[in-house]
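Let me begin by presenting the structure, written as structure tokens, before commenting on it.
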Amino acid sequence: MARTEDPRSAPPIRWGILGAGNIAGAFADAVTQHTRAQLVAVGSRHRDRAERFATAHGIPTTHVGYRQLVEDPQVDAVYVATPHSEHREHALLAIKAGKHVLVEKAFTRNVGEAREVFDAAREAGVFVMEAMWTRFLPHVAALHQVIEAGEIGDIVNLSADHGQAFAYDPASRLFAPELAGGALLDLGVYPVSFAHDFLGVPDAVHAVGSLTQTGVDGQISIVLSYGERAQATLSTTLWAKTPTVALISGTEGNIQVAGSFYAPTSFRVQRTDGRVWTFDQPGTKGLQFEAAEVARRVAAGETQSPRLTWDDTLAVMETMDEVRRQVGVAYPGE
Numbered sequence: 001m002a003r004t005e006d007p008r009s010a011p012p013i014r015w016g017i018l019g020a021g022n023i024a025g026a027f028a029d030a031v032t033q034h035t036r037a038q039l040v041a042v043g044s045r046h047r048d049r050a051e052r053f054a055t056a057h058g059i060p061t062t063h064v065g066y067r068q069l070v071e072d073p074q075v076d077a078v079y080v081a082t083p084h085s086e087h088r089e090h091a092l093l094a095i096k097a098g099k100h101v102l103v104e105k106a107f108t109r110n111v112g113e114a115r116e117v118f119d120a121a122r123e124a125g126v127f128v129m130e131a132m133w134t135r136f137l138p139h140v141a142a143l144h145q146v147i148e149a150g151e152i153g154d155i156v157n158l159s160a161d162h163g164q165a166f167a168y169d170p171a172s173r174l175f176a177p178e179l180a181g182g183a184l185l186d187l188g189v190y191p192v193s194f195a196h197d198f199l200g201v202p203d204a205v206h207a208v209g210s211l212t213q214t215g216v217d218g219q220i221s222i223v224l225s226y227g228e229r230a231q232a233t234l235s236t237t238l239w240a241k242t243p244t245v246a247l248i249s250g251t252e253g254n255i256q257v258a259g260s261f262y263a264p265t266s267f268r269v270q271r272t273d274g275r276v277w278t279f280d281q282p283g284t285k286g287l288q289f290e291a292a293e294v295a296r297r298v299a300a301g302e303t304q305s306p307r308l309t310w311d312d313t314l315a316v317m318e319t320m321d322e323v324r325r326q327v328g329v330a331y332p333g334e
């Protein structure tokens with residue numbers, strides 16, 4: 001079984017953290033504990049929040065506001081960890097300052113905004129990547145090897161779910177249309193991206209959903225069709241904690257990916273000839289793998305990752321745009 005490269009083997013890089021929320025904290029911990037990179041600066045609109053974050057994660061420099069962060073000469077790469085509604089603006093800000101950028105998923109609100117970011121990166125010659133950390137995890141690399149070796153034959157069906165239970169709070173970003181809230185961009189992006197990773201761009205998208213009181217999607221079920229018989233069945237919800245598992249079924253067997261399928265985990269292969277075996281992944285956070293990918297590609301002078309290209313991200317955004325169109329979700333200003 002192929003091994004994923006140790007994140008500690010990636011070249012050092014100096015990170016600036018744009019935004020000081022929970023996901024930024026998880027990224028900071030992963031970088032500090034599992035890579036050779038440095039966290040050199042953090043920026044927030046609120047001084048006290050930036051200072052608390054810097055103290056918690058041993059970051060030497062704080063900035064009030066984001067322009068100062070992206071223009072900090074200490075910073076090589078910027079990790080954008082603000083709400084979805086701000087990703088385009090903040091990524092463009094960092095690119096204009098000549099910085100490499102890792103943007104939290106969902107990459108932007110829609111595919112048009114994503115194209116703007118990639119066009120700017122192409123012109124500036126900087127590296128940009130969506131922070132879909134699942135693509136870089138050891139069990140996902142192993143899944144690809146198993147499937148490419150023909151262990152389960154041709155894929156016929158892929159299913160994946162991601163639901164978390166959140167109490168209704170119209171002030172929360174998850175329920176706020178102006179912050180591009182809803183289940184799809186926050187949670188559903190994982191199963192959609194997972195389907196794209198193993199099956200590619202779908203030929204057809206079918207979706208049904210239910211909206212929250214604020215007009216964002218509370219729950220969506222999606223069917224993606226590929227060719228004559230392959231399908232992906234995906235679901236996401238803000239209203240229940242689901243198993244967060246994935247199943248990949250083929251003509252010669254199936255693979256059961258344990259929850260949470262999008263984080264470091266194990267899987268079980270069961271072939272139609274009766275052979276059964278498992279891949280076990282030791283528990284670890286996992287965000288260090290995407291951070292290491294950025295460092296390696298930047299050191300190589302590349303502007304995108306072959307494992308998650310700009311076209312890959314655009315294709316996922318196009319699928320999610322179509323899903324939102326079908327269930328009737330639009331964000332202010334789109």
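When the letters of the sequence shown are read in order and numbered with full-length UniProt numbering, they come out as residues 1 to 334.
Every residue gets a Cβ at the ideal spot worked out from N, C-alpha and C, and that includes glycine.
Query	Result
Beta carbon of D203 nearer than 8 Å to that of Y226	yes
Residue environment, Q219, which counts as buried when at least 16 other CB atoms sit within 10 Å	buried
Residues of its chain near residue 385, where Cβ-Cβ distance is below 7 Å and the 5 sequence neighbours each way are ignored	Nothing in the structure corresponds to residue 385, since the chain is present only between 1 and 334.
Presumed contact (8 Å Cβ cut-off) between Q256 and R268, rounded CB distance	5 Å
Start-to-end residues for the beta strand (DSSP E) that takes in F53	Note, F53: premise wrong, no beta strand (DSSP E); alpha helix (DSSP H) at 47-57.
Cα-Cα separation between P7 and A292, rounded to whole angstroms	5 Å
Candidates Q326, V294, R307: closest to P12 by CA position	V294
CB contact flag (T236, F175, <8 Å)	no
Secondary structure of D203, DSSP reduced to three states	coil
Sequence-distant residues of its chain with Cβ nearer than 8 Å to L199 (five each side left out)	I155, L158, L224, Y226, A230, A232
Cβ pair I147, A120 closer than 8 Å	no
N254, enclosing beta strand (DSSP E) - first and last residue	253-257
Beta carbon of V205 nearer than 8 Å to that of V327	no
Helix, strand or coil at G25 according to DSSP, with G and I counted as helix	helix
Own chain, CB closer than 7 Å to A240, minus 5 neighbours either side, in chain order	G163, A165
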